[in-house]
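Residue 131 in the UniProt record's numbering is what sits at position 131 of the sequence shown, and the numbering runs on without skipping anything. A virtual CB, placed ideally from N, CA and C, is assigned to each residue, including glycine.
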Amino acid sequence: MGISIRESLTTYPGRYFAAWNGRDLEVVPGLLAGRFRWVDPSLPADITDLEGAHGFFQAAWQGFPDLRFEAVGDPLVDEITGRVAQEWRMIGTHTGEGFPPGVPPTGRAFDLAGTDVFTVDPEGRATAIHAYWDVTTLARQLGLA
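What follows is the structure in structure tokens.
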């Protein structure tokens, strides 16, 4: 017997953050459906394929080698629409090259809040990820704005 829809939704944010925090590209295919759309304010365009997702993870890890996400509170689950929202804190230090593109490392730490809204299919994979956070706050904390 598989896990319930509610359990699949409730556990998704933790699985997603574990991939980010564990720097584990091997688990990414299990997190993303065959067709998905990932919207993030730091991206010039939506990500819609696994190659783009891998590139985003790798660029972020390269630019912010100590990047980590911490969940804030419990996820908000909507079983009817298959969506789950999770507030988070993103913490790290800009000590690496590559992200943001063309910006040399500032050596500055950041700590900012955001929320992700995930639409999750019956297999427990995201068909949509929409990240909500303020890029200007990150730029300010990194000394770029």
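* Asked: Within 10 angstroms of its Cβ, does D111 collect 16 or more other Cβ (buried), or is it exposed?
  -> One-based indexing of the sequence shown puts residue 111 at position 111. So D111 ends up on the exposed side.
* **Extent of the continuous beta strand (DSSP E) run through F57** => For this step, residue 57 is matched to residue 57 along the sequence shown. Careful: F57 lies outside any beta strand (DSSP E), inside the alpha helix (DSSP H) at L50 to G63.
* Using three-state DSSP, classify F99 as helix, strand or coil. => Here residue 99 refers to the residue found at position 99 when the sequence shown is read from its first residue. Of the three classes helix, strand and coil, the one that applies to F99 here is coil, per DSSP.
* Just to confirm, does R15 get its C-beta within under 7 Å of one of the non-hydrogen atoms of the ligand MN? -> This structure simply doesn't include the ligand MN, nor any ligand for that matter.
* From the DSSP output, in three-state form, read off P104 for me. => Looking up residue 104 in the sequence shown gives position 104. In this structure, P104 counts as coil in the three-state DSSP scheme.
* To do: Can you give me the Cβ contacts of V28 inside the same chain, cut-off strictly under 8 Å, excluding the 5 residues immediately before and after it?
  => The residue labelled residue 28 in the question sits at position 28 within the sequence shown. Closer than 8 Å at the Cβ level, and outside the excluded window around V28, lie A19, L50, A53, H54 and F57.
* **Integer Cβ distance of A128 from F36, believed to fall under 8 Å** => As a first step, residue 128 is located in the sequence shown; it is residue number 128 there, counting from the start. As a first step, residue 36 is located in the sequence shown; it is residue number 36 there, counting from the start. Contact flag correct, Cβ pair sits at about 6 Å.
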